[in-house]
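Protein chains in written order, with UniProt numbering: chain A, 1 to 247; chain B, 1 to 247. Reviewing the structure listed below.
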DNA sequence: AAGTGGTCTAGACCACTCT
DNA sequence: GAGTGGTCTAGACCACTTG
């Protein structure tokens, strides 16, 4: 008598190593929602027998996914699909002198349902004229305004945020995106530059028009690689600092 | 009859895995100069038998050194100690609109042998008052000044640079450091900030006093982890740009 | 105690580079 | 063809977490 085991096929490698093909197959299952963010994958031994490869090969595949930031492994507990980026990640570019353990606060200044301008539509991978949510947001530290943000979100997936009061929104957006819209931000690309602030940008920050400012433009992507946010953040250039290590 | 093989001992692990201890032992031999930058290490199979470990374990150790940036492996050729940082690494923070294939040029504005000020001595790990080389350097792109730099170098290892004409110096410093002083810069930490330029800083750059400037402060380290350079670079803030990806 | 990931072994075979 | 690193296997044993 033969026992029946679940067997999962994966595309054999077109020039790819077996563990790379395995990693791609596992990634596809994660993106498809088979294992939601925060949940555990089956044990590596199980996955190995399922895919009919040696344990070491499956380990290589999982290590690859760890390096790619898709999953994280915890000794003795298991392999988990990573939750998205935590939030407050914009503050890492700034050094505001306030109580160090200070919680950042947020205030939504405006919220509009608008047709996407061409530049925004291109960034978000939408057709020009598709509906988006435009937000203006002020971030405060110890009740002092420090960052002014303009966000563009595709309405098809962020529709829940178009309704209800914005006064009750969380101070951190990404956890709220996950909870209310099922959108997990897994990757963000920040482009940093400097520009003089206009009056409209400077006043909410308590600065004067013409003050030097930092401009961070961010594109944020979900698990599947779709751009789900286009954001421009402005702050006082004198508060900017960032450290890079090169090897 | 027994054949005699070279056997290299390494400290058994005080809480370290065997491959981590192996990596540390190999790193020590590289730092000691047994395999100079650019040269090849023995084959992994040889190293494995020398250290009396399985091939896979030695591979883990070498992979660790690759991840740390100490060596690089080339399929079919061997394992090589990495040369230092190439140079021109400061330009990656700026976007000067000129011919894209433009070679950056350098001009040494001043060179002094001076006693290290306290702040510099601390950064370089010297006693206050030890002798250092202070350089001012202007970097040009298409004959346009773009960056102004102030460098502090410990004289004990950079003595060869205190003699002779600075007019003949290379445009890239790090390869010259390696060739003339045997100093290989393997790691650099850049701290980016913002400040308004003084007249003395702005004039050489063709800007006006009070112009917004980017300030990059760099500590550069050699193979052994010694800080061998402390540098401050200033440039037009409007030319600054940098991209960071977070996951 | 049971289940998880982490380390280590000893081998076979493949892919690439140089001469 | 000889020598290098890269992949894959099949197992043993260890270390950590949880019930």
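A virtual CB, placed ideally from N, CA and C, is assigned to each residue, including glycine. Since the model is a prediction, treat every value here as computed from it, not as a measurement.
Going by the CB atoms, is the gap between residue j and residue i shorter than 7 Å?
i, j, result
"residue 126 of chain A", "residue 227 of chain A", "no"
"residue 141 of chain B", "residue 96 of chain B", "yes"
"residue 109 of chain B", "residue 144 of chain B", "no"
"residue 204 of chain A", "residue 148 of chain A", "yes"
"residue 87 of chain A", "residue 174 of chain A", "yes"
"residue 31 of chain B", "residue 223 of chain B", "yes"
"residue 180 of chain B", "residue 160 of chain B", "yes"
"residue 61 of chain A", "residue 55 of chain A", "no"
"residue 133 of chain B", "residue 162 of chain B", "yes"
"residue 242 of chain A", "residue 85 of chain B", "no"
"residue 187 of chain B", "residue 247 of chain A", "yes"
"residue 25 of chain B", "residue 10 of chain B", "yes"
"residue 104 of chain A", "residue 82 of chain A", "no"
Taking the alpha-carbon of residue i as reference, which of the options has the nearest alpha-carbon?
i, options, result
"residue 190 of chain A", "A:37, A:93, A:36 and A:10", "A:93"
"residue 157 of chain B", "B:168, B:169, B:177 and B:167", "B:177"
"residue 212 of chain B", "A:240, A:51 and A:201", "A:240"
"residue 76 of chain A", "A:188, A:14 and A:44", "A:44"
"residue 165 of chain A", "A:111, A:128 and A:28", "A:111"
"residue 131 of chain A", "A:117, A:138 and A:82", "A:117"
"residue 122 of chain A", "A:35, A:154, A:202 and A:171", "A:154"
Just the C-alpha distance for residue i and residue j, rounded to the nearest angstrom, thanks.
i, j, result
"residue 106 of chain A", "residue 120 of chain B", "41 Å"
"residue 237 of chain B", "residue 200 of chain B", "16 Å"
"residue 230 of chain A", "residue 37 of chain A", "22 Å"
"residue 4 of chain A", "residue 51 of chain A", "Confidence at residue 4 of chain A is low in this model, with a pLDDT of 48, below 50, so the placement of that residue should be treated as unreliable; the coordinate-derived value is given next. The straight-line gap from Cα to Cα measures roughly 14 Å."
"residue 69 of chain A", "residue 209 of chain B", "45 Å"
"residue 39 of chain B", "residue 73 of chain B", "12 Å"
"residue 152 of chain A", "residue 169 of chain A", "16 Å"
"residue 15 of chain A", "residue 195 of chain B", "51 Å"
"residue 89 of chain B", "residue 234 of chain B", "14 Å"
"residue 245 of chain B", "residue 218 of chain A", "9 Å"
"residue 42 of chain A", "residue 129 of chain A", "43 Å"
"residue 7 of chain B", "residue 46 of chain B", "10 Å"
"residue 59 of chain A", "residue 22 of chain A", "10 Å"
"residue 184 of chain A", "residue 18 of chain A", "29 Å"
"residue 63 of chain B", "residue 197 of chain B", "45 Å"
"residue 71 of chain B", "residue 28 of chain B", "13 Å"
"residue 1 of chain B", "residue 57 of chain B", "Reliability of the predicted coordinates at residue 1 of chain B is poor, the pLDDT of 40 falling under 50, and no value is obtained from them."
"residue 167 of chain A", "residue 34 of chain A", "35 Å"
"residue 91 of chain B", "residue 78 of chain A", "43 Å"
"residue 202 of chain B", "residue 66 of chain A", "46 Å"
"residue 207 of chain B", "residue 113 of chain A", "44 Å"
"residue 182 of chain A", "residue 172 of chain A", "15 Å"
"residue 150 of chain A", "residue 150 of chain B", "38 Å"
"residue 214 of chain A", "residue 214 of chain B", "11 Å"
"residue 225 of chain A", "residue 102 of chain B", "35 Å"
"residue 216 of chain A", "residue 216 of chain B", "18 Å"
Based on the DSSP output, what are the partners of residue i in its beta bridges?
i, result
"residue 139 of chain A", "A:106 and A:147"
"residue 241 of chain B", "A:193"
"residue 235 of chain A", "A:147 and A:214"
"residue 222 of chain A", "A:185"
"residue 248 of chain B", "The structure shown does not extend to residue 248 of chain B, since chain B is modelled only from 1 through 247, so no value can be given for it."
"residue 85 of chain B", "In the DSSP output, where bridge partners are listed per residue, residue 85 of chain B has none listed."
"residue 8 of chain A", "Paired residue(s): none; residue 8 of chain A is not in a bridge."
"residue 112 of chain B", "B:134"
"residue 71 of chain B", "B:81"
"residue 154 of chain A", "A:132"
For the segment 168 to 194 of chain A, which residues have a CB atom closer than 7 Å to at least one CB atom of chain B, in sequence order? 186, 187, 188, 189, 190, 191, 192, 193 and 194
Using a Cβ-Cβ cut-off of less than 7 Å, list which residues of the UniProt domain "HTH gntR-type" (16 to 84) of chain B approach chain A; keep chain order. 69
Using a Cβ-Cβ cut-off of less than 8 Å, give me the residues of the segment 216 to 244 of chain A that come near chain B, in sequence order. 237, 238, 240, 241, 242, 243 and 244
Return the residues of the segment 198 to 214 of chain B that lie within a Cβ-Cβ distance of less than 8 Å from chain A, sorted by chain order. 212 and 214
Counting only Cβ-Cβ distances shorter than 9 Å, please list the residues of the segment 119 to 136 of chain B near chain A, keeping chain order. none
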